[in-house]
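Adding 89 to a residue's 1-based position in the sequence shown gives its number in the numbering used here. Ideal placement from N, C-alpha and C gives every residue a C-beta, glycine not left out. Here is the structure we will look at, set down as structure tokens.
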Amino acid sequence: MENEILFGKNVLEKLWTYSRLVGRIECYGFLVCPTDSKERVVYDAILAPGQKTSSGSVLVEPDDVARGKAELENMGVKAIGFWHSHGGFNLFHSGTDDKNLDDLVDDLAGNSVVVEQGAMAEGIYIPRKENTVIATINGNSVEINFNTKKFGLSRSYDESWRDGSITYIPATRQLVIAGGGEVMTVEDVGLPIKMAEKSAEAKRGTGYAYSVVVNEEGGDYYAEMAKVDWCYSCGEPKVTRMKKAPIRVVDTVSAVFDDAKILEEIKEKVNRRGLRSLLTQFGT
Ligand SMILES: [Zn+2]
């Protein structure tokens with residue numbers, strides 16, 4: 090369940106219909122669900138507007154990306170993934186596809202996450218941006234920013250390193266961080282180090298981002314997904330990528346389409362540009 094992409098009924102069939110009717114060129118679109126959906130189920134798929142496609146790539150210009158977003162808003166939906174057809178090529182995730190998923194993961198997962206606010210656990214956290222230490226002690230939380238290079242804080246600690254205390258000793262200009270049975274002393278911490286009081290509430294939750302590849306042949310797919318866990322203590326996202334993700338069809342929702350409507354949408358949104366352009370934002 091956790092490692093599956095969730096599709097409503099007929100969404101995959103709709104992707105195959107798009108790719109069959111577009112034919113031997115690529116095309117690209119969004120996987121969407123209603124704006125207020127608290128699930129991560131794909132209700133429908135649409136084509137991105139203004140795409141310029143060829144047999145080996147799809148390009149969506151920045152203006153059209155904005156148009157695509159506006160179109161989604163007007164439809165009352167949000168994107169939790171994207172899909173594209175490889176035309177006459179095989180089903181796989183290319184380097185460009187990987188990069189696109191990396192680039193879009195925060196936006197897409199942010200659309201499917203159910204955010205909860207929770208009390209921060211007691212402890213010391215060093216998030217991914219390593220020049221920050223967050224200490225939560227006795228229900229109060231303090232975020233300390235400092236230049237790691239300057240202060241020689243080269244070790245990185247993971248979230249498990251959490252029970253501890255943090256003390257600044259003005260006389261010796263030392264910052265003493267104790268946690269997980271270890272003590273670390275940061276020498277020569279001249280003020281000002283920036284200390285910001287954080288609310289002891291943190292965002293937590295898990296979001297998902299999907300990428301599905303189909304081709305002209307239909308009947309099959311290749312999919313990848315990313316799971317994003319926002320840290321319970323500091324709100325930093327942790328991204329887990331999954332290759333060869335299976336699609337599970339849930340029968341609570343269903344996409345509605347027919348060939349005529351899809352041909353109309355293709356005519357409106359897909360521009361065949363041949364092999365002219367070297368710009369390949371969505372190359373294979
Ligand atoms: Zn591709």
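Quick check on this structure: which residue in the options has the alpha carbon closest to the alpha carbon of residue i?
i: CYS122; options: LEU95, ILE258 and ASP195; result: LEU95
i: GLY296; options: LYS167, LYS188, ALA315 and ILE258; result: ALA315
i: LYS98; options: ASP125, SER126, ALA134 and LEU197; result: ALA134
i: ALA298; options: ALA155, ARG113, GLY145 and LYS332; result: LYS332
i: GLU102; options: TRP172, ALA159, GLY165 and TRP319; result: TRP172
i: SER144; options: SER343, ARG156, GLY177 and VAL338; result: GLY177
i: VAL339; options: ALA137, ASP318 and VAL130; result: VAL130
i: ALA159; options: ALA334, THR124, ARG361 and ASP195; result: THR124
From residue i to residue j, what distance separates their C-alpha atoms?
i: GLU91; j: GLY184; result: 25 Å
i: GLU313; j: LEU264; result: 44 Å
i: ARG109; j: VAL328; result: 33 Å
i: THR341; j: HIS175; result: 29 Å
i: PHE346; j: GLU115; result: 20 Å
i: SER300; j: THR261; result: 53 Å
i: PHE240; j: SER201; result: A caution first: PHE240 carries a pLDDT of 41, below 50, which makes its placement in the model unreliable, though a value can still be read off. Approximately 39 Å, taken between the alpha carbons.
i: ASP186; j: GLU305; result: 18 Å
i: ALA349; j: LEU190; result: 31 Å
i: ARG293; j: ASP192; result: 21 Å
i: ARG113; j: ALA168; result: 26 Å
i: GLU128; j: ILE258; result: 49 Å
i: GLY199; j: VAL166; result: 14 Å
i: ARG156; j: PRO138; result: 7 Å
i: ASP152; j: GLY308; result: 33 Å
i: GLY118; j: ASP195; result: 18 Å
i: TRP319; j: LYS356; result: 40 Å
i: THR142; j: VAL111; result: 10 Å
i: HIS182; j: ARG361; result: 22 Å
Less than 7 Å separating the Cβ of residue i from some heavy atom of ligand 1?
i: VAL301; result: no
i: SER108; result: no
i: ASP186; result: yes
i: SER343; result: no
i: SER183; result: yes
Please state if the CB of residue j and the CB of residue i are separated by a distance shorter than 8 Å.
i: TYR310; j: ILE336; result: yes
i: GLN140; j: VAL359; result: yes
i: LEU161; j: GLU354; result: no
Is there at least one non-hydrogen atom of ligand 2 closer than 7 Å to the beta-carbon of residue i?
i: SER143; result: No copy of ligand 2 appears in this structure; the ligands present are ligand 1.
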